[in-house]
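Participant: Provided herewith is a single structure, encoded as structure tokens, for subsequent inquiry.
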């Protein structure tokens, strides 16, 4: 390898810290800067608990970090909302730096935020960089992975993805995010307020449809509490019978009254087993299972880092995970 | 979609015919020519049993077909041996046409046939085309699929892939290829002569190693007969107890006395269950299973067709499936 890939990290929260720990194990990568509003002046290695100082000081001056360190790529891990992170992405792109971002709404932004998607694509092309939104979900388990599996299908008629998670193994913000320990009333208020939800089902459904050349005429989502009859607990939270142990969220992609895509996401403290599964109805049909499921925190940091080489070598502009897999694209429905 | 992708098929055997049947279902593709030494003058639709004539006449004049039909891509399905098909690939490349080929030895040719790999890559770049070798195996199940799954791993220490096939569901040339119905002596003679083997383990092992940044110092293979104590049969062949029902072939990738990669391929008439599985030891470890396994004939024709769009949009030159997935590339071992 000629020279190391120079990486700036933008966002040093839980995922950012996990990214740091992955990056320091990669011989071909070098962290040359870190941006966050918290822990300014502290060494990135201390904050990310890598076991040693890295000589990289966290700064809140994004422009200076991007300008002074000549990075090849920014790993961006600050927020789920594309609107919220847009100014941050803009800074990186205008500095001429490729971006890999964990922002869920960037994973497939063309349907929900078409104006921002066009703006980002144009800006990236103008500045000769590539930008990708990825992560374990959205970005892999409920979109890229099933699309990849369809690569050996001559035809796909329907696709169903299930992710069942035992949340007691995840970090506490995740356990709180899924509503563990709340009353049903609190849960329903949170659902109404839009704060309790896994961000990404809509993005994954639209990405799958695009990857298969399917036209959808409706996308619907339901969110329900998961309640058990016995007490369940994690290291952090104890859930009494009748209290909410987690969330069951289901997304459907419709065409002409038929469900073509179903994404079912369940995360609860006390889930009997964790697994991820893809069910393809087609030629051939397929049932693919990941026993125990994929741990989301490790996986998201890993795929952010593993995507770097592909992003640097991809065509300029905004790309999505759909563009990086071979899928069973079929134009029959739109003929 | 602006205009249809123009496809020439080079090789109209069993896989070529399956490719034809897939292509005729894809609205965005158009078959504009067919090349084979057999069935010259016959309509491709008749030979491939598509249910109707396609208006494409099989020709043995490859140069004329490639020149006169201005194809965007050739789907090449003639032989496993790269040396044997090299003149055919050369015709397509020199005609300025992209190539997707089922030639097993093309799937990762850099170790066994480095001179040919360099020649093909240069020729493709000179003629501004892209060439890819793919298929279900090699090309997907024992290389691209496991590599793709490592995309969510922060580290990979060992990888093991198992493909168990009930051969009674496959076409008869496949059943004969795996030695079904032979005596042990005949089987061993065939193994010695090199005619009885699944081509691709070596290619898959070297592709995985490259995709993960691993250096191997040895690659070994074993081939054994599978023998059952009771009579087993398919639609075509009956296998008496003590006769060979199929083959068990195992490939190992070694580094410093340790096995890092194990590919285990078993195909027999009378296998109890069919499945494909990937076992990754790493962070996280993963066990991924395809229940019932993937039907090889459908899958190979499907992935050849599904690869077309990616090949047309990829950088020019010789590419491999490794270049089309995000994997857990790690340079630690070579530091």
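Residue numbers (this note's numbering), protein chains in the order written: chain A, 44 to 378; chain B, 44 to 378. Quick reminder that beta carbons are idealized off the backbone N, C-alpha and C, glycines included. What you are looking at is a predicted structure, and each value in this text was computed from that prediction instead of being measured.
Please report the distance separating the alpha-carbon of residue 74/B from that of residue 114/B.
Facilitator: Going by the C-alpha atoms only, they are around 9 Å apart.
Participant: Am I right that residue 33/A and residue 310/A are in contact with their C-beta atoms under 8 Å? What's the rounded C-beta distance?
Facilitator: Here chain A has residues from 44 to 378 only, and residue 33/A is not among them.
Participant: Looking at the structure shown, is residue 334/B part of a helix, part of a strand, or coil, going by DSSP?
Facilitator: Here residue 334/B sits in strand by DSSP.
Participant: From residue 300/A to residue 261/A, what distance separates their C-alpha atoms?
Facilitator: Looking at the two C-alpha atoms, the distance is approximately 9 Å.
Participant: Straight-line CA distance for residue 197/A to residue 330/A?
Facilitator: Cα-Cα distance, rounded: 16 Å.
Participant: Under 9 Å between beta-carbons, which chain B residues line up against residue 110/A? List them in chain order, please.
Facilitator: By Cβ distance, chain B contributes nothing, its closest Cβ being about 28 Å from residue 110/A, past 9 Å.
Participant: Does DSSP put residue 228/B in a helix, a strand or coil?
Facilitator: If DSSP states are grouped into helix, strand and coil, residue 228/B belongs with the helices.
Participant: Tell me whether the beta-carbon of residue 86/B lies closer than 8 Å to the beta-carbon of residue 100/B.
Facilitator: In contact: residue 86/B and residue 100/B (Cβ atoms closer than 8 Å).
Participant: Using the rule of at least 16 other Cβ atoms within 10 Å of the residue's Cβ for burial, across every protein chain shown, is residue 130/B buried or exposed?
Facilitator: By the neighbour-count rule (16 or more Cβ atoms within 10 Å), residue 130/B is not buried but exposed.
Participant: Cα separation between residue 59/B and residue 171/B?
Facilitator: Those two C-alpha atoms are separated by around 25 Å.
Participant: Here's a check: name, in chain order, each residue in its chain whose Cβ is nearer than 8 Å to the Cβ of residue 137/A, leaving out the five neighbours to either side.
Facilitator: If we look at residue 137/A and ignore the five residues flanking it on each side, its Cβ neighbours are 166, 170.
Participant: From residue 189/B to residue 254/A, what does the alpha carbon distance come to, in whole angstroms?
Facilitator: Straight-line Cα distance between these residues: approximately 21 Å.
Participant: What is the DSSP secondary structure of residue 281/B, reduced to helix, strand or coil?
Facilitator: DSSP places residue 281/B in strand when its eight states are reduced to three.
Participant: Provide the residue span of the beta strand (DSSP E) that contains residue 303/A, from first to last.
Facilitator: Note, residue 303/A: beta strand (DSSP E), 301-311.
Participant: Is the Cβ of residue 65/B closer than 8 Å to any Cβ of chain C?
Facilitator: The displayed structure is made up of protein chains A and B, and chain C is not among them.
Participant: Please tell me whether residue 197/B has its Cβ less than 8 Å away from any Cβ of chain A.
Facilitator: Judged by the 8 Å Cβ criterion, residue 197/B is in contact with chain A.
Participant: Using the rule of at least 16 other Cβ atoms within 10 Å of the residue's Cβ for burial, across every protein chain shown, is residue 147/A buried or exposed?
Facilitator: Classification for residue 147/A: buried.
Participant: Measure from the C-beta of residue 185/A to each C-beta in chain B and report whether the shortest distance is under 8 Å.
Facilitator: No - not a single Cβ of chain B is within 8 Å of the one on residue 185/A.
Participant: Considering just the uninterrupted stretch of the beta strand (DSSP E) at residue 148/A, what are its terminal residues?
Facilitator: It is not in any beta strand (DSSP E) - residue 148/A carries neither H nor E in the DSSP assignment.
Participant: Looking only at its chain, what residues have a beta carbon closer than 7 Å to the beta carbon of residue 124/B, apart from the 5 residues adjacent to it on each side?
Facilitator: For residue 124/B, where only same-chain residues beyond five positions count, the Cβ hits under 7 Å are 148.
Participant: Could you tell me whether the Cβ atoms of residue 226/A and residue 287/A are closer together than 8 Å?
Facilitator: It is a contact, given that the beta carbons lie within the stated cut-off.
Participant: For the stretch 202-234 of chain A, which residues have a beta carbon sitting closer than 9 Å to at least one beta carbon of chain B?
Facilitator: Here the close residues number zero.
Participant: In chain B, what lies closer than 7 Å to residue 373/A by C-beta?
Facilitator: 69, listed in chain order.
Participant: Closer than 7 Å to a non-hydrogen atom of the ligand NAD - does that hold for the CB of residue 209/A?
Facilitator: This structure lacks the ligand NAD; in fact it carries no ligand of any kind.
Participant: Using a C-beta to C-beta distance shorter than 7 Å, which residues of chain A count as neighbours of residue 370/B?
Facilitator: Those are 349, listed as they occur along chain A.
Participant: By DSSP, does residue 244/B sit in helix, in strand, or in coil?
Facilitator: Three-state DSSP puts residue 244/B in a helix.
Participant: In whole angstroms, give me the CA-to-CA distance for residue 110/A and residue 182/A.
Facilitator: Approximately 29 Å between the Cα atoms of the pair.
Participant: Pick helix, strand or coil for residue 49/B, following the three-state DSSP scheme.
Facilitator: Three-state result, residue 49/B: strand.
Participant: Return helix, strand or coil for residue 329/B, following the three-state DSSP convention.
Facilitator: Here residue 329/B sits in strand by DSSP.
Participant: With 16 other CB atoms within 10 Å as the buried threshold, where does residue 121/B fall?
Facilitator: When all chains shown are included, residue 121/B counts as buried.
Participant: Restricting to Cα atoms, I'd like to know which of 315/B, 292/B, 313/B is closest to residue 305/B.
Facilitator: Comparing Cα-Cα distances from residue 305/B to each of 315/B, 292/B, 313/B, the minimum goes to 292/B.
Participant: Between 278/A, 177/A, 248/A, which has its C-alpha nearest residue 202/A's C-alpha?
Facilitator: Per the Cα distances, 248/A.
Participant: Does DSSP put residue 350/B in a helix, in a strand, or in coil?
Facilitator: In the structure shown, residue 350/B sits in coil (DSSP, three-state: anything other than H, G, I, E or B).
Participant: If you draw a straight line from the C-alpha of residue 258/A to the C-alpha of residue 252/A, how long is it?
Facilitator: Each residue's Cα considered, the two are about 7 Å apart.
Participant: Give me the Cα-Cα distance between residue 215/B and residue 323/A, rounded to the nearest whole angstrom.
Facilitator: Whole-angstrom Cα-Cα distance: 27 Å.
Participant: Find the residues of chain B that neighbour residue 344/A, judging by a C-beta separation of less than 7 Å, and give them in chain order.
Facilitator: In chain order: 197.
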